[in-house]
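Reading through the C-alpha cells given below for one structure.
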Amino acid sequence: MNDTIFTGCIPALMTPCDADRQPDFDALVAKGRELIDLGMSGVVYCGSMGDWPLLTDAQRQEGVARLVEAGIPTIVGTGAVNSREAVSHAAHAARMGAQGLMVIPRVLSRGTSIAAQKAHFSAILEAAPNLPAVIYNSPYYGFATRADLFFELRRQHPNLIGFKEFGGADDLRYAAENITSQDDDVTLMVGVDTTVYHGFVNCGATGAITGIGNALPCEVLQLVALSKKAAKGDVTARRLAKELEEALGVLSSFDEGADLVLYYKHLMVLNGDREYALHFNETDVLSDAQRRYIEAQYALFRTWYAQWAAAIDIV
813 MNDTIFTGCI PALMTPCDAD RQPDFDALVA KGRELIDLGM SGVVYCGSMG
863 DWPLLTDAQR QEGVARLVEA GIPTIVGTGA VNSREAVSHA AHAARMGAQG
913 LMVIPRVLSR GTSIAAQKAH FSAILEAAPN LPAVIYNSPY YGFATRADLF
963 FELRRQHPNL IGFKEFGGAD DLRYAAENIT SQDDDVTLMV GVDTTVYHGF
1013 VNCGATGAIT GIGNALPCEV LQLVALSKKA AKGDVTARRL AKELEEALGV
1063 LSSFDEGADL VLYYKHLMVL NGDREYALHF NETDVLSDAQ RRYIEAQYAL
1113 FRTWYAQWAA AIDIV
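Here the sequence shown stands for residues 813 to 1127, numbered as in the working numbering.
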C-alpha cells in the first residue's frame, strides 16, 4: 500500500460543465493533467469542491475512471447519504486503480451518532482495504471525528493512515496534539486554504488539499514549499510564507464558505478556462456584488504577487 499520495499539494478538482450543464469529463481530465504537470502530487475528485451531491453515482464514477485512465494520481471522495453508496464509490475506486480514499462522514441520517459513523467509516475502509485512506473532518458534515474513534478504526483498518482537517486552526491543533502526535505513521493533511502555514509549521502536516490552488496553482505550490522549509526552522522561508499566506488571505477564505465552488470557478474563468463558466444548477450564480469583490481581490493579489516575486527574485 502506497501512502505517499497524502503528501505535497493536492487540488480538489471542480467538475466543469458543458452547455447542457452536464459534466465535461474531457475538460476535467485536461485540468487534472495540467495541475499535475505544474507540480501537484495528485488530485482529489468528488470532495466538496467536486459538487458530489449534484452528480449521479454513475457520473462520479465516470470522472474517477477517466482521471485514473489518464494516469493522474487520484484520491476519491466517498461522500454519500447512504453508506451503501459510499461503499460503492470506495470499491469502484479500488477497481479502477485510484491511489487513495477521502472518507467523508455519513450525512443527514444519524449523522451525529458515533455508532452510525463508526459503522459507516468501517464499511468504506473494508470495501477498499488496500487503498490508503484519510478521514475528512469538517464542520460542514456535522460530525467531528475525535482521537478515540480514529484509533479504534485504525486498529481494525490499517489502511486508515491519516486525517484531513477542514475545521480550521483550532481543529488542526487538536488533530496534531491528540491524533498525529500519538502515532508517527499517521499523516495530517491541511484541508482549508487559510491554514496552510499553521498546518505545516505548528501542526506537522505532510500535505495540503487546496481549493484556491485550482486557480493559482504555482502560488499555492510555492506557499506549501515555503511552509515546509519554515517547519524545519528556515527563518527566511518563515517570513516569506507568512507574507504570501497573508496576501492570499481573502482569496483563500472563500474556501471556508458555502459559495466556494462558485467563487473558484469564477477565478478559473478569469484565467481563461471558459469550461468552468456554468454550474449544475442554473440558479447557482454569484451576485454582481460578489463577482465584483472577488475580481477586485484577484487583481490586487496578482499585482502584489508580481512585485513581491520580483523583489525576492523568484519569478
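From the three backbone atoms N, C-alpha and C, an ideal C-beta is built for every residue, glycine too.
### Cβ neighbours of residue 819 in the same chain (closer than 8 Å, five flanking residues each side left out)
853, 999, 1018, 1019
### Message
Can you give me the C-alpha to C-alpha distance between residue 1121 and residue 1052, rounded to a whole angstrom?
### Response
10 Å
### Query
Do residue 1013 and residue 985 have their CB atoms nearer than 9 Å?
no
### Task
Return the CA-CA distance between residue 939 and residue 898, expressed in angstroms with no decimal places.
9 Å
### Three-way DSSP call (helix, strand, coil) for residue 949 in this model
Secondary structure at residue 949: strand, using DSSP grouped into helix, strand and coil.
### Query
Tell me, which residues are paired with residue 975 by DSSP?
947, 1000
### Message
So if DSSP puts residue 823 in a beta bridge, which residue, or which two residues, is it bridged to?
### Response
1022
### Query
For the candidate residues 1026, 975, 959, whose alpha-carbon lies nearest to that of residue 1011?
975
### Task
Please name the residue, chosen from 896, 902, 850, 831, that lies closest to residue 858 on a Cα-to-Cα basis.
902
### Query
Roughly how many angstroms separate the alpha carbons of residue 981 and residue 1056, rounded to a whole number?
18 Å
### Task
Can you have a look at residue 1044 and say buried or exposed, based on whether 16 or more other CB atoms are within 10 angstroms of its CB?
exposed
### Message
For residue 912 and residue 933, I'd like the C-alpha separation in whole angstroms.
### Response
15 Å
### Message
With H, G and I counted as helix, E and B as strand and the rest as coil, what does DSSP make of residue 835?
### Response
strand
### Message
So the candidates are 1114, 965, 822, 1082; which of them puts its Cα closest to the Cα of residue 848?
### Response
822
#### Entry: Straight-line Cα distance separating residue 964 from residue 1085
44 Å
### Query
Which one or two residues does DSSP pair with residue 857 in a beta bridge?
Per DSSP, 888.
### Task
Just list the alpha helix (DSSP H) runs in the region 1004 to 1084, keeping only unbroken ones of 4 residues or longer that don't cross its boundaries, in chain order.
1029 to 1043, 1047 to 1059, 1061 to 1065, 1072 to 1082
### Task
Rounded to whole angstroms, what's the CA-CA distance from residue 1096 to residue 862? Just pull it up for me.
14 Å
### Simplified DSSP state of residue 955, which is helix, strand or coil
strand
### Task
May I ask which residues mark the beginning and end of the alpha helix (DSSP H) holding residue 875?
869 to 881
### Query
What is the DSSP secondary structure of residue 862, reduced to helix, strand or coil?
helix
#### Entry: Own chain, CB closer than 7 Å to residue 1116, minus 5 neighbours either side, in chain order
Closer than 7 Å at Cβ, skipping near neighbours: 1059.
### Message
Using a Cβ-Cβ cutoff of less than 6 Å, which residues in the same chain neighbour residue 892 once the five nearest sequence positions on both sides are dropped?
### Response
898
### Check whether residue 914 and residue 889 have beta carbons under 9 Å apart
Taking 9 Å as the Cβ cut-off, residue 914 and residue 889 qualify as a contacting pair.
### Task
Have a look at residue 1099 and residue 1032 and give me their C-alpha separation to the nearest angstrom.
27 Å
#### Entry: Identified DSSP bridge partners for residue 914
889, 946
### Query
Going by beta carbon distance, what residues of the same chain come within less than 7 Å of residue 1004, once the five residues before and after it are set aside?
Same-chain partners within the cutoff: 978, 980, 1067, 1068.
### Query
Sorted by chain position, which residues of the same chain lie with C-beta nearer than 6 Å to residue 941's C-beta, five sequence neighbours on each side aside?
971
### Query
Who are the near neighbours of residue 885 in its chain, counting only those whose CB is closer than 8 Å to its CB and skipping five residues on each side?
The residues are 817, 848, 853, 854, 855, 911.
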